[in-house]
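Counting with the numbering used here, you get residues 1074 to 1401 for the letters of the sequence shown. Worksheet for the structure shown next.
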Amino acid sequence: TDLSCIPPTIFYLENLIELTIEYQGIKIVPDAIKNLKHLVIFSLNYCIELETLSAYVGLLPLRELNLNGCVSLKTPPIEITRRGHTQTMAFLKRLISGSTLCKRTKLMLVGLGGAGKTSLVRAFRKYHSDKPPEITDGIDIVKWKVPLNQPDDFLEFSVWDFAGQSVYYHAHQFFLAKKAVYILVWNIRLGAEHGGLDFWLSSICCHAPNAPIFVVGTHSDVVSRIDLCQDDLKRRYPQITGFFNVSTRTHDNIKELIEAIIKTTLALPYMDKQIPKVWLTFEKLIGECKEDILTYDQVADIAPNAGIIDPGEILQAIQFLSDFGSLQ
């Protein structure tokens, strides 16, 4: 039988110890699963439409939770299930205390020095200043919250502005995140051959082979003819999502670029996953520290203030904040 949901009668079998529902079309395991208080084996292999497990699965005495081939799974995230049974169960149990949708990612701005990365970040955040931006030293990280259609619904970017000086290039390779949206910025006035496009595109494709890339030319208000072979770049680097030419002085095409970034980000496979609220509290507390670099022991000492005690969960939270937040 091809099931689209778990038959409700199953949840009345309170003494059931093993439940196998494989190769079916179910999309959700509902909260009623908590009635199966003696369940020790739960197999959902190759339910390719399965998106959500109830957090109450984390309260069951399961010895096995089999989720092989559940390629659409969002809760718990596949990144969690890959770490094994113990961490998956701990994650689900933590969701019971409060969760929120993950609508966040890293926005990485790369390019040569003087390309206009910092000015572009200012334009995104509607920050206006008559002073020219200072040269970025290393990496600047700022938050950018974009309101969506519903009240209190935001898309949050952790914006990483990479310094363009060549002395930093080798160090930057360590910070190119796999789960991110990339903006490769180049100065149209200098020409594509002096934009470092191939260097940065190769680096991104090597370190983040599935991340979308926007190629953004700046200073479009002072250049009438733009010499860039988009078709050739797109052929060699299929990750390129779009090309934009903008001016941070006149704001030409800034709105269109932002709209494209938002649309692309919301379509990423890791959007709209449930995450524990305490992890965001944890991030906030870490951000309040004055030091730029913290040891693991220092971070672990902060965790109990956010309600995180278990060492395994501390590692989970750190990994999440490294993937999607402001930690590295």
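We put the CB at the ideal spot given by N, CA and C, even for glycine.
Contact set for residue i: own chain, Cβ-Cβ below 6 Å, skip 5 residues either direction
i, result
"H1201", "Note that H1201 has pLDDT 40, beneath the 50 cutoff, so the model's placement of it is unreliable and no number is given."
"V1295", "none"
"V1232", "L1180, V1194, V1215 and W1217"
Neighbour flag for residue i against chain B, beta carbons, 9 Å
i, result
"G1385", "Judged by its chain identifiers, the structure shown contains no chain B, having just a single protein chain."
Any non-hydrogen atom of the ligand PLP closer than 8 Å to residue i Cβ
i, result
"K1336", "With respect to the ligand PLP, the structure offers nothing, as it holds no ligand at all."
DSSP state of residue i mapped onto helix, strand, coil
i, result
"C1278", "helix"
"Q1371", "helix"
"P1081", "helix"
"Q1223", "coil"
"E1386", "helix"
"I1381", "coil"
"D1365", "coil"
"I1090", "coil"
"A1236", "coil"
"K1350", "helix"
"D1075", "coil"
"D1345", "coil"
"L1228", "strand"
"L1400", "coil"
"A1253", "strand"
"I1359", "helix"
Residues near residue i by beta carbon distance below 8 Å, same chain, minus five either side
i, result
"N1283", "K1251 and Q1312"
"I1382", "A1376"
"I1331", "F1197 and V1219"
"E1124", "K1100, I1101, S1145, L1146, K1147 and T1148"
"A1373", "P1384 and I1387"
"P1081", "A1105"
"I1090", "H1111, L1112, V1113 and I1114"
"N1108", "F1084, Y1085 and E1087"
Contact belief for residue i with residue j at Cβ below 8 Å, rounded distance in angstroms
i, j, result
"L1165", "L1221", "About 27 Å; that fails the 8 Å criterion."
"V1288", "L1263", "With 8 Å as the limit, V1288 and L1263 do not qualify as a contact, their Cβ atoms being about 15 Å apart."
"V1258", "G1186", "Between G1186 and V1258 the Cβ distance is about 11 Å, and since that is not below 8 Å, they are no contact."
"L1140", "M1162", "Not quite, the Cβ-Cβ distance comes to about 12 Å (not below 8 Å), so this is no contact."
"T1354", "A1333", "Actually they do not touch by this definition, with Cβ atoms about 32 Å apart."
Own chain residues within Cβ distance below 7 Å of residue i, not counting five before or after
i, result
"S1077", "G1098 and I1099"
"F1393", "I1348 and W1352"
"T1391", "In the sequence as presented, Thr is not what sits at residue 1391; that position holds Ile. Taken in chain order, the residues that qualify are V1372 and L1400."
Check: Do the segment 1155 to 1170 and the segment 1363 to 1378 touch if we need at least three Cβ pairs shorter than 8 Å?
Finding: no
Notebook entry, point to check: Between the segment 1306 to 1316 and the segment 1113 to 1127, are three or more C-beta pairs nearer than 8 Å?
Noted result: no
Next item on the list: Give, in chain order, every unbroken run of the beta strand (DSSP E) that is at least 3 residues long and sits entirely within the segment 1092 to 1135.
Entry: 1114 to 1116
Checklist line | the segment 1330 to 1344 touching the segment 1216 to 1233, judged by at least three CB pairs closer than 8 Å | finding: yes
Check: In chain order, which continuous runs of the beta strand (DSSP E) of length 3 or greater are located wholly inside the segment 1134 to 1209?
Finding: 1137 to 1139, 1172 to 1175 and 1177 to 1183
Item checked: Contiguous beta strand (DSSP E) assignments of at least 3 residues, all confined to the segment 1281 to 1341 -> 1286 to 1291 and 1313 to 1318
Notebook entry, point to check: If you pair each beta-carbon of the segment 1340 to 1360 with each one of the segment 1179 to 1192, do three or more pairs fall below 8 Å?
Noted result: no
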